């Protein structure tokens with residue numbers, strides 16, 4: 014779907030960034046109809062389109078609204094998606110397409126995540142300069158080591174305004190499997206809506222801890238749970254199946 018942007022040159026105008034799409038690195042052909050969705054929605058809404066010359070999915074980007082973009086190199090600097098670009102070239106395309114100043118590249122992945130590590134499962138801005146990040150306390154879980162390394166990396170990064178990121182941990186639930194396959198269950202896949210935040214939950218004691226952690230950063234919003242045990246069988250949760258369309262004030 015489309016990535017909506019607020020125009021810097023024309024007040025009170027939305028534009029759509031139209032990135033390429035190839036079904037998460039060619040995993041699920043055919044995707045021609047899917048790749049046309051963003052432009053069709055833009056046409057329906059009468060919005061101008063900015064063509065972005067790279068493959069990118071909406072869950073692969075996270076911004077603070079003040080010029081900082083978080084991305085995971087695994088699902089962008091990826092030979093199955095963008096084989097012709099170097100990391101530096103991808104950074105330049107992201108900056109020009111999304112209007113950001115600083116691109117922070119992180120690492121990490123969740124077992125069972127067929128997106129190759131979308132950032133919306135790993136780390137999310139809750140305010141400028143502050144990120145909540147996934148951790149797995151169970152050392153026997155295959156996600157533990159990768160998430161610990163990513164957490165340490167996040168704590169070393171500075172945003173577009175030069176601030177060292179404040180990184181707040183959110184522990185993931187113990188492994189959840191379906192048909193003997195571990196699923197990418199993450200509380201980080203929350204979705205911010207008008208007046209609220211919808212948090213995926215997994216019928217575990219850590220659900221309440223995650224909701225309380227997220228609530229402290231959104232005191233003026235209702236933070237509500239959504240049981241994602243069925244949805245996660247499709248390898249994603251609330252943020253994965255939604256798309257934000259901002260209003261202009």
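Residue numbers (my numbering): 14 to 262. Glycine included, each C-beta is placed from N, C-alpha and C at the ideal position. Note that the structure is a prediction, hence the values are computed from the model and not measured.
Item: Run through the region 156 to 218 for me and flag every whole beta strand (DSSP E) of 3 or more residues, listed as ranges in chain order.; Value: 179 to 184, 204 to 206, 209 to 214
Item: Inspect the beta-carbon positions of residue 149 and residue 160 and report whether they are closer than 8 Å.; Value: yes
Item: Roughly how far, in whole angstroms, is the beta-carbon of residue 239 from the beta-carbon of residue 212, given that I think they are within contact range, below 8 Å?; Value: 7 Å
Item: Which residues in the same chain have their Cβ closer than 7 Å to the Cβ of residue 112, if we skip the five residues on either side of it in sequence?; Value: 18, 21
Item: How is the beta strand (DSSP E) around residue 135 delimited, first residue to last?; Value: No beta strand (DSSP E) contains residue 135, which DSSP labels as neither H nor E.
Item: Take residue 220 as the anchor and find which of 184, 233, 249, 73 has the nearest alpha-carbon.; Value: 184
Item: Locate the alpha helix (DSSP H) running through residue 104, then write down its first and last residues.; Value: 100 to 111
Item: Relative to the alpha-carbon of residue 125, which residue among 67, 81, 208, 155 has its alpha-carbon at the smallest distance?; Value: 155
Item: Give a yes or no on whether the C-beta atoms belonging to residue 207 and residue 249 are separated by under 8 Å.; Value: no
Item: If you check the beta carbons only, do residue 87 and residue 133 fall under 8 Å apart?; Value: no
Item: Going by DSSP, what residue range makes up the alpha helix (DSSP H) through residue 55?; Value: 50 to 58
Item: Tell me, please, which residues DSSP counts as bridged to residue 75.; Value: 83
Item: Going by C-alpha to C-alpha distance, which of 48, 91, 188 sits closest to residue 153?; Value: 188
Item: Run through DSSP, which three-state label would residue 33 get?; Value: strand
Item: Consult DSSP for residue 23 and reduce its assignment to one of helix, strand or coil.; Value: coil
Item: Between which residues of its own chain and residue 81 is the CB-CB distance below 6 Å, once the five residues before and five after are set aside?; Value: 115, 172, 173
Item: Counting Cβ pairs closer than 8 Å, one from the region 139 to 146 and one from the region 89 to 105, do we hit at least three?; Value: no
Item: With DSSP run on the structure shown, which of helix, strand or coil describes residue 47?; Value: helix
Item: Can you check DSSP and say which residues form a bridge with residue 115?; Value: 81
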